[in-house]
Structure formats: structure tokens, C-alpha cells
Amino acid sequence: MSMRPYALIEAPSTLGLATDGVEGLSDRLLGFGLAERINARRAGRLQVPQKDPAPDPGTLTLNAKAIADWSPKLAAAVEAVLDAGEFPVVLGGDCTILLGSMLALRRRGRYGLLFIDGNADFFQPEAEPNGEGASMDLAFVTGYGPALLTDIENRSPLVRPEDAVAFAFRDHEDQARFGSQPLPPDLPAYDLHAVRSMGVESAARAAVDHLMRVALDGFFIHLDADCLDDAIMPAVDFRMPGGLSWDELEAALRIALESGKAVGLEVTIYNPRLDEDGSAGRRLVDVLAAALGTAAPGWPAARRSGCAR
């Protein structure tokens with residue numbers, strides 16, 4: 045198995061949130077030495093459009109057109125890294141950067157998604173109370189929601205529901221309170237209770253095994269900092285009790301990376317404004333460095349000729 049060097053892409057978008065702060069994620073993690081610790085090339089920083097405080101009336105989603113227009117630019121940056129034979133590590137930003145990351149892979153073939161997040165993020169606009177795309181990203185990339193955001197470049201879905209795995213979410217009360225649409229029955233889901241019941245290593249192996257099916261060309265990892273226990277990661281805007289420990293997150297990431305089928309990773313939602321002493325950010329860098337090492341096992345994400353819809 046070959047090894048792929050890491051390349052860091054800064055994608056400081058807050059288009060999917062009404063608030064700001066997560067745009068500082070990359071500056072803070074890079075300031076704590078992430079690039080040096082994983083021996084990563086810095087592949088550039090994307091400019092992000094100005095936000096509109098009012099939801100788009102056609103989609104009921106904040107900055108819907110800006111997200112739709114910006115996502116192909118992020119996709120191009122991700123593809124450039126893949127074309128160089130490298131493993132993209134995308135630093136957000138909010139969770140709507142997932143659209144750009146998955147668009148890059150959808151252009152190349154059929155890829156899966158390991159969605160490690162404290163929230164299922166399957167709200168659709170009619171249920172999301174603030175119109176925030178960062179609560180709807182898993183729905184959008186699996187083809188649920190307005191066409192402007194689900195059918196970018198006529199490539200819907202960016203990932204088939206059966207090719208995604210929701211892992212470690214714990215927002216059941218908020219889903220019920222606001223009437224979130226349920227995850228599709230064909231989308232495998234391991235909520236935090238299931239992860240704990242199975243043990244994190246068993247749950248992660250089951251999730252990764254599903255994403256290593258022959259039908260898939262590989263899989264992408266979405267990591268939202270709010271998957272972590274609120275007691276150790278309070279630097280997120282939407283706080284909930286409970287969550288993964290540092291060791292549990294490291295174990296899940298290691299298992300995903302060691303499969304050799306992971307082709308990229310993104311990190312979202314950590315808000316350095318809420319981490320005044322930097323302790324949560326430093327520990328996040330420690331875990332990323334420990335799990336990723338200095339190169340990723342596996343082969344670059346090749347472009348499949350005539351990729352099937």
C-alpha cells in the first residue's frame with residue numbers, strides 16, 4: 045500500500061451559520077502546528093462570499109445561492125490536491141463545506157462518507173428554525189432539500205444515502221423538538237448510544253467495513269468538533285451534553301485511516317472565540333496528529349472514466 049502526503053486547504057466559510065467565529069478554525073489549528081505535525085503542504089485559502097443575514101425566500105436557507113456558487117470552487121481546490129496524489133485535509137468553516145468536498149469526489153466516481161458529527165444534520169429547510177445550512181448538510185449531499193443545494197452541477201446526490209454512515213450523533217431531543225426529518229432507512233446510523241453499546245472500535249470498524257464495499261471508490265471523512273464531549277470541547281456554538289472522548293475520536297479516525305480507503309478529511313465547527321486559553325484547540329490538534337500521522341495509507345482518488353450517476 046502506498047502512502048499519500050497531506051495537503052491542507054483552508055475553507056473558512058460561515059455561509060451555513062447565522063453566527064461567526066468558526067472562520068478562525070484554520071488559523072488557530074495551524075497556529076498550534078497542525079501542518080508541521082502531519083507534514084502537510086499548505087495548498088491555499090479560499091475566499092468566501094459575503095453573508096446575507098436573511099434566508100433566501102426560495103429555499104428558506106441562509107446564503108443558499110452563495111453556498112451553491114462557492115461549493116464548486118472548493119471542489120476544484122480539493123480536486124487539485126487529489127490530482128497531485130495527495131490527501132486533502134479541509135479546514136472549515138461550518139459544515140456546509142461538505143458540499144464542496146463531496147462535489148469534488150462526485151465528479152470522479154462513487155464515493156462514500158463517514159459522517160462523524162454530534163448532530164445528524166438532516167434537517168430540511170421547512171423544519172430548520174434558523175435556516176442554517178450547517179444543520180442540513182447531510183441532507184443536502186444525500187439529495188434531500190432544494191435543488192439549488194442538492195443538485196449542484198446536476199450531480200445529485202453527491203453521495204447516495206446507502207453510501208453514507210452517520211456516526212456518534214446525539215441530538216435526538218432537538219430533532220424531536222424542531223421536527224427534523226428522519227435519516228433515510230437505507231443510511232446506516234450509529235448514534236452515540238450505539239457507539240457506546242458496541243464499543244467505539246467495533247462501531248467504527250462496522251462503519252468503515254460498510255464504506256469499503258467494492259462498489260465504492262473510497263470514502264471521505266467529515267469531522268465536526270461537536271462530536272466531542274461538551275466537557276472537553278466547549279468551543280462550539282451549539283452545545284449538548286455528552287459526546288465522544290478524545291481517545292474515542294482518535295480510535296475512530298485511526299480505524300478509518302488505516303483502512304486505506306479514506307481519500308480525504310474535513311474538520312468543522314471548532315470556534316476559537318469560545319476557546320480563550322486554546323486548550324480545546326491544542327488537544328484537537330494532538331488527536332488529529334496522532335490519528336493521521338505524517339502520511340495517509342492507500343492510493344489517490346483516481347477519476348473514474350464515465351462515472352456513473
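If you read the sequence shown in this note's numbering, its first letter stands for residue 45, the second for the next number, and so on.
Glycine included, every Cβ here is placed at the ideal spot set by N, Cα and C.
- Counting of Cβ neighbours within 10 angstroms places arginine 257 among the exposed residues, the total staying below 16.
- About 5 Å separates the beta carbons of tyrosine 314 and leucine 69, which is inside the 8 Å limit, making them a contact pair.
- Per DSSP, reduced to three states, the secondary structure at glutamate 54 is strand.
- Contact annotation: alanine 248 and isoleucine 299 have beta-carbon atoms nearer than 8 Å.
- Restricting attention to Phe167, Phe282, Gly287 and Asp268, the CA atom closest to the CA of arginine 214 is found in Gly287.
- About 7 Å separates the CB atoms of alanine 164 and glutamine 219; that is less than 8 Å, so the two are in contact.
- Nearest Cα to glutamate 130 within the set Gly189, Ala306, Asp181 and Leu260: Ala306.
- Here the C-alpha atom of alanine 210 lies approximately 27 Å from the C-alpha atom of alanine 124.
- For alanine 108, the enclosing alpha helix (DSSP H) begins and ends at 108 to 127.
- For a cut-off of 8 Å, the C-beta gap from isoleucine 141 to threonine 312 is around 6 Å, short enough to register as a contact.
- Here the C-alpha atom of aspartate 261 lies approximately 20 Å from the C-alpha atom of leucine 118.
- The DSSP-derived three-state label of phenylalanine 159 is strand.
- About 18 Å separates the CB atoms of aspartate 138 and leucine 192; that is not less than 8 Å, and the two are not in contact.
- In the displayed model, aspartate 100 falls within a strand according to three-state DSSP.
- Per the coordinates, the alpha-carbon of alanine 51 lies some 12 Å from the alpha-carbon of aspartate 127.
- Looking only at Arg81, Ala345, Val280 and Ala112, the smallest Cα-Cα distance to aspartate 161 is reached by Val280.
- For glycine 308, the three-state secondary structure derived from DSSP is strand.
- The continuous stretches of beta strand (DSSP E) do not include phenylalanine 213, and DSSP gives it neither H nor E.
- When beta bridges are read from the DSSP output, phenylalanine 131 appears opposite Tyr50.
- CA-to-CA, the gap between proline 132 and glycine 102 works out to about 33 Å.
- Setting aside the 5 residues that flank it on each side, arginine 283 is surrounded in the same chain by Asp270 and Asp274, each with a C-beta closer than 8 Å to its C-beta; the list follows chain order.
- In the three-state reduction of the DSSP assignment, glycine 322 falls in the coil class.
- Phenylalanine 222 sits in a helix when the DSSP states are folded into three classes.
- Glycine 187 and proline 169 do not touch by the CB rule: their CB atoms are close to 14 Å apart, not below 8 Å.
- With distances taken between CA atoms, aspartate 291 lies nearest to Leu332 out of Leu318, Gly304, Leu332 and Pro316.
- In the three-state reduction of the DSSP assignment, proline 232 falls in the coil class.
- In chain order, Ala62 place their CB closer than 7 Å to the CB of asparagine 174, counting only its own chain and leaving out the 5 sequence neighbours on each side.
- Using a 10 angstroms sphere on the CB of histidine 237, the tally of other CB atoms stays under 16, which defines it as exposed.
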